[in-house]
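Here the structure comes first, spelled out in structure tokens, and everything after it is commentary.
Numbering (this note's numbering), first residue to last: 24 to 401.
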């Protein structure tokens with residue numbers, strides 16, 4: 024390889040690492056820009072939607088956490104959607120619906136043409152919801168008792184959507200190494216998403232902790248107008264950003280952080296990230312810049328070491344990237360009291376280098392497997 028090519032590689036590394044650290048600083052600043060409304064609403068009507076397909080193992084714990092919410096029951100409705108389950112999910116919902124008047128069962132018999140099962144379930148529930156504020160979580164999550172109040176506190180007259188953090192906890196007493204790496208990864212990704220919203224460039228959210236105004240959903244035509252997506256949360260966020268002037272908030276607050284669980288195997292993780300990557304193909308330009316910078320940074324560091332043997336350059340570049348990642352991770356784990364996760368950080372960095380470059384190949388894939396259903400994403 025000639026000298027000019029090697030210099031291009033070296034300068035390319037310096038440029039992308041420089042952009043990487045600047046992006047991290049900008050995103051970090053953005054996370055501090057989400058402020059609560061100065062005019063607090065007095066418990067407006069709220070509808071919580073949980074779409075469940077074959078969730079008999081976890082659904083009861085989810086419902087029990089919703090029953091602990093610190094919110095007036097006369098202003099609250101919980102819509103539990105049975106999405107063609109083949110286990111006892113429907114019976115679990117019926118049992119709670121018979122006991123609590125504010126819990127309602129919605130049954131999905133067939134998908135709306137052109138939509139996924141999850142989109143069909145959410146759209147049907149939104150159409151039946153009484154509240155102006157719609158809150159979504161998943162059937163394998165637990166919410167804090169302050170969840171609804173804290174989310175509503177961020178809605179002002181300009182805000183149409185409020186996103187929230189999700190932390191991963193183990194079903195055992197403590198996180199395994201595999202689970203800890205995933206927990207760190209989620210904090211990293213969601214902190215970056217919070218920062219992007221804070222600078223006015225919303226790029227992503229997580230569907231198990233998402234809220235929006237019903238009127239905003241109707242304004243954009245809902246999922247039937249949005250069309251098919253295997254990442255319905257991103258599709259909804261993208262439609263709100265593209266089609267309206269409503270603002271999106273993504274605060275980092277322990278009072279509204281939902282708990283979920285890591286996936287058990289590498290195969291499950293690859294399938295999850297493949298779905299996220301394919302579903303997010305339509306991300307806006309700033310999101311593409313973030314993804315591209317991350318990909319080329321993590322590709323060029325080992326490539327530069329192999330091609331040029333410039334150990335000092337690679338060490339400084341690697342250290343800069345590690346510090347940038349650590350800044351964003353600390354922004355979440357400190358206020359959420361998860362500092363113990365730092366013991367997983369070194370292995371997270373190694374894993375991140377591997378899967379950032381590896382998963383890029385899935386962007387050309389179209390077939391998605393989810394909940395026993397195969398989808399072809401256009």
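No residue lacks a Cβ here, since even glycine has one placed at the ideal position from N, Cα and C.
For residue i, count neighbouring Cβ atoms within 10 angstroms of its own Cβ and tell me buried if that reaches 16, exposed if not.
i           : result
residue 153 : exposed
residue 122 : exposed
residue 170 : buried
residue 76  : buried
residue 377 : exposed
residue 329 : exposed
residue 25  : exposed
residue 195 : exposed
residue 290 : exposed
residue 55  : exposed
residue 47  : buried
residue 106 : buried
residue 335 : exposed
residue 180 : exposed
residue 386 : Reliability of the predicted coordinates at residue 386 is poor, the pLDDT of 48 falling under 50, and the value obtained from them is presented with this limitation in mind. Under this definition residue 386 is an exposed residue.
residue 268 : exposed
residue 12  : Summary: the structure shown does not reach residue 12, with the chain confined to residues 24 through 401, and so no result is reported for it.
residue 274 : buried
residue 225 : buried
residue 93  : exposed
residue 270 : buried
residue 65  : exposed
residue 57  : buried
residue 356 : buried
residue 27  : exposed
residue 305 : exposed
residue 31  : exposed
residue 85  : buried
In terms of residues, what are the limits of the beta strand (DSSP E) holding residue i?
i           : result
residue 183 : 182–186
By the three-class DSSP mapping on this structure, what secondary structure does residue i have?
i           : result
residue 75  : strand
residue 189 : strand
residue 272 : strand
residue 386 : With a pLDDT of 48 at residue 386, under the threshold of 50, the predicted position of this residue should be treated as unreliable, though the coordinate-derived value follows. DSSP places residue 386 in helix when its eight states are reduced to three.
residue 104 : strand
residue 69  : strand
residue 146 : helix
residue 261 : helix
residue 398 : Low per-residue confidence applies at residue 398: pLDDT is 49, beneath 50, and the placement is therefore not dependable enough to give any value.
residue 197 : coil
residue 94  : coil
residue 215 : helix
residue 222 : coil
residue 295 : helix
residue 60  : coil
residue 288 : coil
residue 229 : coil
residue 361 : coil
residue 85  : helix
residue 109 : coil
residue 171 : helix
residue 205 : helix
residue 80  : coil
Along the chain, where does the alpha helix (DSSP H) that runs through residue i open and close?
i           : result
residue 178 : Here residue 178 belongs to no alpha helix (DSSP H), and DSSP marks it neither H nor E.
residue 248 : 245–249
residue 308 : 308–331
residue 139 : Looking at the DSSP string, residue 139 is not in any alpha helix (DSSP H), and its letter there is neither H nor E.
residue 374 : 368–381
residue 26  : 26–53
residue 345 : 334–356
residue 114 : 112–122
Spell out the partners DSSP gives residue i in its beta bridges.
i           : result
residue 235 : 157, 184
residue 282 : 165, 190
residue 127 : 102
Looking at residue i: is its Cβ nearer than 8 Å to the Cβ of residue j?
i           : j           : result
residue 255 : residue 172 : no
residue 364 : residue 120 : no
residue 40  : residue 380 : no
residue 281 : residue 149 : no
residue 310 : residue 53  : no
residue 35  : residue 213 : no
residue 145 : residue 159 : yes
residue 72  : residue 157 : yes
residue 184 : residue 252 : no
residue 91  : residue 210 : no
residue 283 : residue 358 : no
residue 51  : residue 272 : no
residue 231 : residue 188 : no
residue 351 : residue 204 : no
Report yes or no: is there a C-beta of chain D within less than 8 Å of the C-beta of residue i?
i          : result
residue 49 : This model lacks chain D altogether, as it is built from one protein chain only.
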